[in-house]
Amino acid sequence: MPVLPYWKAHLRALIILLLTMVLVSVTQASEPDEQLDKAELDSLLAPIALYPDTLLSHILIAASYPLEVVQASRWREQHQRLDESDIINAAEDQDWDPSVKALLPFEDVLTRMSEDLEWTQGLGEVFLADEELVLARIQVLRRKAYEAGNLYSNEHVEVEPEPEVIRIETVRKEVVYVPYYDTRVVYGDWWWAHHAPHYWHHPYATASVNIFWGPRITVRPYFYFSNFHWRNRYVVVNNHHFYQRPRYYPRQTVIIRDGKRWQHNNKHRRGVRYQNPVVHRKIVNQRVSLSREAQQRPARAVSTKHRAVSTVPRAVSSKESVRHRQAVQNKLQNQSKMQKRIHKTTNPVKQNHNSANNAVNSHTRNAIRRADGMGPKPLHREHRAAAPTKQKSAPQHKGNRTEVINRSRIHSKQRAQSSPRPHNSSPRARQPKAVQNVQQTKPAGHVRNTDRPRVQKH
1 MPVLPYWKAH LRALIILLLT MVLVSVTQAS EPDEQLDKAE LDSLLAPIAL YPDTLLSHIL
61 IAASYPLEVV QASRWREQHQ RLDESDIINA AEDQDWDPSV KALLPFEDVL TRMSEDLEWT
121 QGLGEVFLAD EELVLARIQV LRRKAYEAGN LYSNEHVEVE PEPEVIRIET VRKEVVYVPY
181 YDTRVVYGDW WWAHHAPHYW HHPYATASVN IFWGPRITVR PYFYFSNFHW RNRYVVVNNH
241 HFYQRPRYYP RQTVIIRDGK RWQHNNKHRR GVRYQNPVVH RKIVNQRVSL SREAQQRPAR
301 AVSTKHRAVS TVPRAVSSKE SVRHRQAVQN KLQNQSKMQK RIHKTTNPVK QNHNSANNAV
361 NSHTRNAIRR ADGMGPKPLH REHRAAAPTK QKSAPQHKGN RTEVINRSRI HSKQRAQSSP
421 RPHNSSPRAR QPKAVQNVQQ TKPAGHVRNT DRPRVQKH
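Okay, so the sequence shown: first residue is 1 according to full-length UniProt numbering, each after it adds one.
Okay, structure coming up:
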């Protein structure tokens, strides 16, 4: 067996010792880092862990967009006159995340997040880094407060303790109360000596032993579009939220059935850099994976055979849906107005066409009568200008009786008596003899004008 030189043996032993020390130091440092993360999480989550589930989910999502939180807080200060029910409608034009808009009625919460920006940004970073761990630490804080006797159901919230999960829901769906409490007292003895709980000063009067309740805040039904899937430890968001005005979501089970897992949208980050390198790598990898999926996804064949004539796109916001509805209504009104105009313009043409047809028919009938010897003779050129348009003579008054004489009918009868006609060549010849005898017995001056006077047009 070869024997190593003296200095080489000592060098080998020194290298092995150094490697062992490095491995031991790394192993020992991993446990304090994990404990430090939990301590930081407990300190960050202490002021909001006892909030109702839906409000807490909005705060966690909005914390990942710190710049929009600041913008929303300043915008809320400029619209102090608006109440909680109108503030959401007034902010529909703002291009913020729906969770940021959902916090607008909670002015005090939004102001605290904007003023304590370091806390907001730190909460958003840890939420993006490890969502499962954040929700697990929230349950730890709730369990501590419940065991200390400071978390229970009352007229403001309904606490639902289970073996692994404690849910906090609002008693009334349309009203939310924000709790304020001393984080150094409500959880009992604090268990992290090197990380004190984050504390917010509360300006309101006492409503219970260790929890202070703010004023009631009225919310709309579409406030309940996000909640927690406590079993799987992630946030659930309903895809319709502000756009289609869904029904109330008073319980988490409804959200889980109708919603999907929340995904961070880098667009609402507004260029703010991620301080946590883990989050930065996670977002970059997410972008790369999404772009690869978009490139590798095969193009779907679109069949135009059964395609609908018109499709209604999904509205991006209720403001755009209102505008679209108004545009459709204006279009329908304009179409109805155009139809009325067309109807008015076509009616005179139709009336003129009917009058022209009547004139042609009367002219044809007169020509046939003249050929048979019954119709009136055409007027001479010198008498046409003075001839009236209607050959209805003026009524002649005889005592108390007004007698109307149809001269054209009398002339036609006189010509019929003077000039013989062929057999069955006119409508009069086809009349029964009894009718002809009755008409001949009546005097000419007392003939009743039962027919409409004929109008001869030239």
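Every residue, glycine too, gets a C-beta built ideally from N, C-alpha and C. In this text, all values refer to a predicted model and were calculated from it rather than measured experimentally.
Apart from the 5 residues on each side of it in sequence, Thr218 sits with its Cβ closer than 7 Å to the Cβ of Glu84, Ser85, Glu174, Val175 in its chain, given in chain order. Between the alpha carbons of Glu77 and Glu92 lies a distance of about 16 Å.
Between Ala145 and Val186, the gap from beta carbon to beta carbon is short of 7 Å. Excluding sequence positions up to five before and after Tyr274, its CB lies within less than 8 Å of the CB of Glu125, Leu128, His280, Ile283, all in the same chain and listed in chain order. According to the DSSP secondary-structure assignment, Asn227 is paired through a beta bridge with Val236. Secondary structure at Arg273: coil, using DSSP grouped into helix, strand and coil. The Cβ atoms of Phe228 and Asp53 lie closer than 7 Å to each other.
By the neighbour-count criterion, in which a residue is buried when 16 or more other Cβ atoms sit within 10 angstroms of its Cβ, Glu118 is exposed.
Annotated three-state conformation of Arg341 is helix, per DSSP. Taking C-beta atoms as the reference points, Thr183 and Pro47 count as a pair closer than 7 Å. If you compare the alpha carbons of Gln333, Ile87, Leu151 with that of Arg220, the shortest gap goes to Ile87.
His58 and Leu141 have their alpha carbons spaced roughly 19 Å apart. Your pair Gly122 and Ala148 does not check out as a contact, with CB atoms roughly 26 Å apart and the cut at 8 Å.
Under DSSP, Lys260 shares a beta bridge with Val237. A direct Cα-to-Cα measurement between Leu50 and Ile211 gives close to 10 Å. Assignment of Ile166 by DSSP, reduced to helix, strand and coil, places it in the strand class. In terms of CA proximity to Glu164, Arg231 leads the group Thr170, Arg231, Val109. In this structure, the alpha-carbon of Val278 lies about 35 Å from that of Thr170. Linking Tyr222 to Asn330 through their CA atoms gives a straight-line distance of about 29 Å.
Among the bridge pairs identified by DSSP, Thr54 is matched with none. The shortest C-alpha to C-alpha distance from Val178 to any of Leu56, Trp190, Leu45 is the one to Leu56. In this structure Ser336 is exposed. Its beta-carbon is surrounded by fewer than 16 other beta-carbon atoms within 10 angstroms. DSSP places Glu158 within a strand segment (E or B) once states are collapsed to three.
The continuous alpha helix (DSSP H) containing Tyr146 extends over residues 131-147. The beta carbon of Tyr234 sits closer than 8 Å to the beta carbons of Glu131, Glu132, Leu135, Phe228, Arg261, Trp262 from its chain, once the five residues preceding and following it are set aside; these are given in chain order.
Cα atoms of Glu160 and Val70: separation of roughly 34 Å, rounded to the nearest angstrom. At the C-beta level, His195 and Ala39 come within 7 Å of one another.
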